[in-house]
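In UniProt numbering, the protein residues as written are 1 to 856.
Every residue gets a Cβ at the ideal spot worked out from N, C-alpha and C, and that includes glycine.
Small disclaimer: the values here were computed from a predicted structure and weren't measured.
Notes for the one structure printed next.
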Ligand code: ARG
Ligand code: ZN
């Protein structure tokens, strides 16, 4: 047991730092087990804080060799030491500015938590967000302390990198200097035997920027796409937001051991290698899309995150919500906007709605936390982006542009808050955003209940909003909800084009006049707000909207609602899938006027987890096996219904020529894959086996393997795939994940367990751990097998991983966050698994917090 229970931090307790930093200079003498870090930090009392305070420095897992204030060594016993830092009493500090010097020793090789300075495959790298810098040296490790950094690295590693611009370099050392004041979480250092792929970018004002992507020898050929995405991001941010890059150099490093996706360190982004490396034979279309989006995301942070950072970690959505919003805008400009929007909403519902409707629900801006790393969530990121999308819809494109210009002008160099952000919109658009601010403070997904009437040419929508209680927030006040609506005539013409209704009350009615006939409404177009729409709608009306809606999102949504209705009735009443849905699908499949990517999305059924939540919301206890069986049955029915067109569709989507990762080609491959998945249910995998043999790119190779595994075939291909790709970690991650996620439900746990005994199961590597244990979450029926075998396996492995890597462990406890949806037996099994984790001696505070919240 720890000596004390983990303490919560509260937003309301914020106080400005007692001391500010004018300059940091660091020397690193790298050594795997005994790196020395020498720091010289110029402090100055903060005029905005109470005078005469002690100096509080964060520090964890540091061996202090020596320290001095203003040139005087601090003898033993002067500083109050603890496991989390040290405090120098005010009477040992000069009145004005002073210099702090320290030397500490750290152990990068022993750092398996992958936070601070650690080693990955023999290279040194860092991850400091949120609070990793304190594992490197003593420092006020909080984002509102910003300073320019000078760094000297001493090591015989061939490549030595840090933030900012290059300084002196020579045999066994390199110096870097970052002129832009930054918080410590943006510090980065990399040293290793790396190869660079280089390029240049000229900014709009003519500044030359050297670009470099650093990878392990052998991976140089997999950087072209990331480099291209980087240049397109740099140009896009100039064109759309007027933001230019601000250093002479921009580097990206790919590392194999990384807890998250990537990190926006100033001038030196560090990436999980899976979001940098891509070649046609090793990366899928989905990988290419992720690389493009994440390269953009991290680059865009240079302005939204780095030049303007967060005052404290409660404001995380200030940089993350905005930067996700910006990367989504970028991707929709690069690709198809409707397809991008549908994909984003699918992800939002799968991850954020799931979170918002369970025990981990929290506001976009939380008001307390125990471990901040547990708040890098879909709510902060994706709902944070949706909130900005709503703001933009409310103030209009021109208002948004004015507000953002003001934001950059007013807050450049600041550590800002959500209040600052909203004030900028108020000042730029003359709107009162007090009520809108509730989107940042209230958790939970609002439900909109819609009814309507039609009389004398007047059509009225009556809308009620209601947000269910969430942990710590029993009652909710009404929020501002932009509801984009269009009306269609019964003949399919649009009589009222998209109009944004601004809902502010708990209940409100909106009337449209002068209509010749009762219209069919298309509500929440483009998913104009992150809410759940509840309206009784007939199958005919849904089929009508799927055929006629001019809004691509709602056209797709109508098809999705049809699929959910059909699946729900199959599960609850054992009903057969009716012809209405199958006919509607056939029309979509046959409609060559529709973008293939859109058709692929429209033909894709809701996930099993999505159906579980849908049934639960309708008051039905979901049975994961029944959902799985119904979904399989519906796919077979689709395959039979479409049997006449599937072979042609499959052929027609086979675009000739070498693989290209662009959206158009990827869309064709997506539709071709959908056709193959259905076809396999009719031809026993003949076409899939052929595609496997002929494939010249990973999208088609993996797609074929998935189609085979789905129908219980493909064992021979599994062996061949391994032998072909044994040498490529990222591809072998896919190999592991595919087997777990495609195992038959009753065999999922044993499949995953067998994979954990494979010689390549390196469980300390987060990507690999997720590809076996995490992939069980992609196999809902297998994860929820009534024996509880999967729950036990996941719990065993989380208990094992926790002391090694608390951050990844804590994140993966979310596999259990929906336990309350299920029947009593499954609830008992999941609760037992969670309690077993909770009882583990010395459990990290990361995991303690998560399991405690999930158990409620
Ligand atoms: N700021 C990074 C990004 O969104 C995420 C880093 C999160 N890291 C962490 N350990 N919580 O791009
Ligand atoms: Zn980010």
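Extent of the continuous beta strand (DSSP E) to which residue i belongs
i	result
residue 176	173-182
residue 22	19-29
residue 154	147-154
residue 367	Note, residue 367: premise wrong, no beta strand (DSSP E); not H, not E.
residue 395	Unbroken run through residue 395 is the alpha helix (DSSP H), 384-411; no beta strand (DSSP E).
residue 168	165-170
residue 189	189-192
residue 100	98-106
residue 466	458-466
residue 157	Neither: residue 157 is in no beta strand (DSSP E) and is coded neither H nor E.
Terminal residues of the alpha helix (DSSP H) in which residue i lies
i	result
residue 627	624-641
residue 228	224-241
residue 857	The structure shown does not extend to residue 857, since the chain is modelled only from 1 through 856, so no value can be given for it.
residue 133	Note, residue 133: premise wrong, no alpha helix (DSSP H); not H, not E.
residue 440	438-441
residue 288	285-300
residue 424	418-429
residue 49	Here residue 49 belongs to no alpha helix (DSSP H), and DSSP marks it neither H nor E.
residue 692	686-694
Reference residue i, options the options, closest by Cα
i	options	result
residue 181	25, 531, 202	25
residue 237	117, 301, 261, 193	301
residue 196	207, 168, 159, 189	159
residue 305	204, 213, 218, 418	418
residue 622	541, 784, 733, 421	784
residue 837	818, 795, 827	795
residue 321	472, 439, 810	439
residue 314	15, 411, 368	368
residue 106	36, 174, 48, 73	36
residue 18	72, 76, 144	144
residue 798	850, 544, 245	850
residue 830	140, 839, 711, 819	819
residue 560	601, 570, 571	601
residue 446	529, 396, 373, 458	529
residue 328	309, 307, 298	298
residue 422	92, 432, 100	432
residue 357	724, 284, 610	610
residue 138	104, 164, 148	104
residue 156	166, 165, 174	174
C-beta atoms of residue i and residue j nearer than 9 Å
i	j	result
residue 858	residue 109	Lying outside 1 to 856, the shown extent of the chain, residue 858 is not represented and no answer is given.
residue 501	residue 482	yes
residue 124	residue 55	no
residue 406	residue 428	yes
residue 627	residue 781	yes
residue 23	residue 41	yes
residue 316	residue 250	no
residue 541	residue 450	no
residue 193	residue 122	yes
residue 681	residue 639	yes
residue 588	residue 578	no
residue 606	residue 564	yes
residue 248	residue 210	yes
residue 161	residue 268	yes
Supposed contact pair residue j and residue i - C-beta distance, whole angstroms, cut 8 Å
i	j	result
residue 14	residue 312	6 Å
residue 788	residue 359	20 Å between Cβ atoms; not a contact.
residue 85	residue 57	5 Å
residue 674	residue 604	7 Å
residue 116	residue 136	5 Å
residue 178	residue 266	6 Å
residue 62	residue 46	The pair is not a contact, with the Cβ atoms about 24 Å apart (cut-off 8 Å).
Contact test: residue i Cβ vs ligand 3 heavy atom, cutoff 8 Å
i	result
residue 220	What this structure holds is ligand 1 and ligand 2, not ligand 3.
Tell me, please, whether the region 211-228 touches the region 268-278 by the rule of three or more beta-carbon pairs shorter than 8 Å.
yes
Does the region 229-236 come close enough to the region 339-350 that 3 or more CB-CB pairs lie under 8 Å?
no
Taking contact to mean 3 or more Cβ pairs, one atom from each stretch, closer than 8 Å, check whether the region 596-605 and the region 666-679 are in contact.
yes
Touching by the beta-carbon criterion (3+ pairs, under 8 Å), the region 482-500 and the region 544-558
yes
Check whether the region 767-782 touches the region 736-749, taking contact to mean three or more Cβ pairs, one atom from each stretch, closer than 8 Å.
yes
Three-pair Cβ contact test at 8 Å for the region 147-165 versus the region 127-137:
no
For the pair the region 806-813 and the region 833-847, tell me if three or more CB-CB distances fall below 8 Å.
yes
Counting Cβ pairs, one atom from each stretch, are 3 or more of them under 8 Å apart for the region 456-474 and the region 506-515?
yes
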